[in-house]
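Residue numbers (our numbering), protein chains in the order written: chain E, 553 to 671; chain B, 553 to 671. Glycine included, C-beta positions come from ideal geometry on N, C-alpha and C. Owing to the predicted nature of the structure, the values given are computational and were not obtained by experimental measurement. Take a look at the structure below.
There are 2 protein chains.
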Amino acid sequence: MTSTPLFAPPYYAVIFISLLPEHTEEYGETSGEIYELAQGQPGFLGVDSVRDAGGQGATISYWRAEDHVTNFCKIATHRHAQQRGRETFYERYEVRVAKVEKEYAWRRKEDGVGEYVKK
Amino acid sequence: MTSTPLFAPPYYAVIFISLLPEHTEEYGETSGEIYELAQGQPGFLGVDSVRDAGGQGATISYWRAEDHVTNFCKIATHRHAQQRGRETFYERYEVRVAKVEKEYAWRRKEDGVGEYVKK
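In structure tokens, the structure reads:
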């Protein structure tokens with residue numbers, strides 16, 4: 553439920569939008585393993601991941617440089633294939649690799665107002 | 553439940569990660585209006601939006617050029633403020649503006665296998 557902090561641009565985001573027809577235990581294990589794998593990779597900054605009850609999901613992982621993205625994509629693809637073959641999990645997905653140029657955040661403060669945050 | 557198609561890079565993505573403590577009718581109206589507003593703006597390509605039962609949300613809107621993003625951000629901020637003031641909706645959010653450099657998609661086919669799509 554916690555989202556990522558700011559990371560100071562420029563850095564990279566991998567936007568993964570997917571539709572999962574059913575949430576199986578095996579899928580949960582594989583995606584958990586890939587997340588653990590990501591955390592151990594060079595250049596990993598953080599990840600935001602949301603999936604709704606209908607199976608639509610958005611996972612955005614953040615990386616310091618483009619080389620780190622390339623490295624992770626190779627590893628994730630390989631691991632997925634090892635596990636079972638991704639064809640069995642998803643109905644569809646889109647992957648986008650994007651360079652983050654600007655960012656800001658907003659946080660509610662205790663007084664109920666809020667403040668903008670920049671890094 | 554349908555995700556966006558591919559748009560052919562380069563283009564821009566606005567990644568909006570938010571936490572909504574409670575989903576009110578008023579919030580639904582405002583976010584619906586902002587989506588309608590986006591669709592009518594120059595350079596709008598599409599949007600992916602997911603929110604889970606815990607209130608964590610990810611909305612990624614896609615735009616042809618950086619100027620279109622700047623224009624939309626101004627309008628969305630203004631509309632939000634007009635409605636009520638965004639402080640009342642969110643617990644926190646992060647906004648990231650990123651240039652999409654690469655993309656690909658995967659679609660399940662009728663035979664249960666699948667195919668990669670590039671534009």
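{"Query": "Cα-Cα separation between Gly595 of chain E and Ser613 of chain E, rounded to whole angstroms", "Result": "11 Å"}
{"Query": "Counterpart residues of Leu672 of chain B in DSSP-defined beta bridges", "Result": "Shown here, chain B extends from 553 to 671; a query on residue 672 of chain B therefore has no answer."}
{"Query": "Beta-bridge partners of Leu571 of chain E, as assigned by DSSP", "Result": "E:Gln608, E:Arg644"}
{"Query": "Residue-level contact to chain E via CB, Ser555 of chain B, 8 Å cutoff", "Result": "yes"}
{"Query": "Ala565 of chain E beta carbon near the ligand MN (any heavy atom closer than 7 Å)", "Result": "The model on display carries no ligand, and the ligand MN is accordingly not part of it."}
{"Query": "Contact set between the region 583-611 of chain E and chain B, restricted to residues whose Cβ is under 7 Å from the partner", "Result": "Asp600, Val602, Arg603, Asp604, Ala605, Gly606, Gln608, Gly609, Ala610"}
{"Query": "Opening and closing residue of the beta strand (DSSP E) in which Arg603 of chain B lies", "Result": "596-603"}
{"Query": "Whole-angstrom distance between His620 of chain B and Gln593 of chain B, CA atom to CA atom", "Result": "8 Å"}
{"Query": "Local conformation of Glu662 of chain E per DSSP, three classes", "Result": "coil"}
{"Query": "Within 8 Å, strictly: CB atoms of Tyr500 of chain E and Val599 of chain E", "Result": "Absent from the model: residue 500 of chain E. The displayed extent of chain E is 553 to 671, so no value can be given."}
{"Query": "Beta-carbon gap between Ile567 of chain E and Ala628 of chain E smaller than 8 Å", "Result": "no"}
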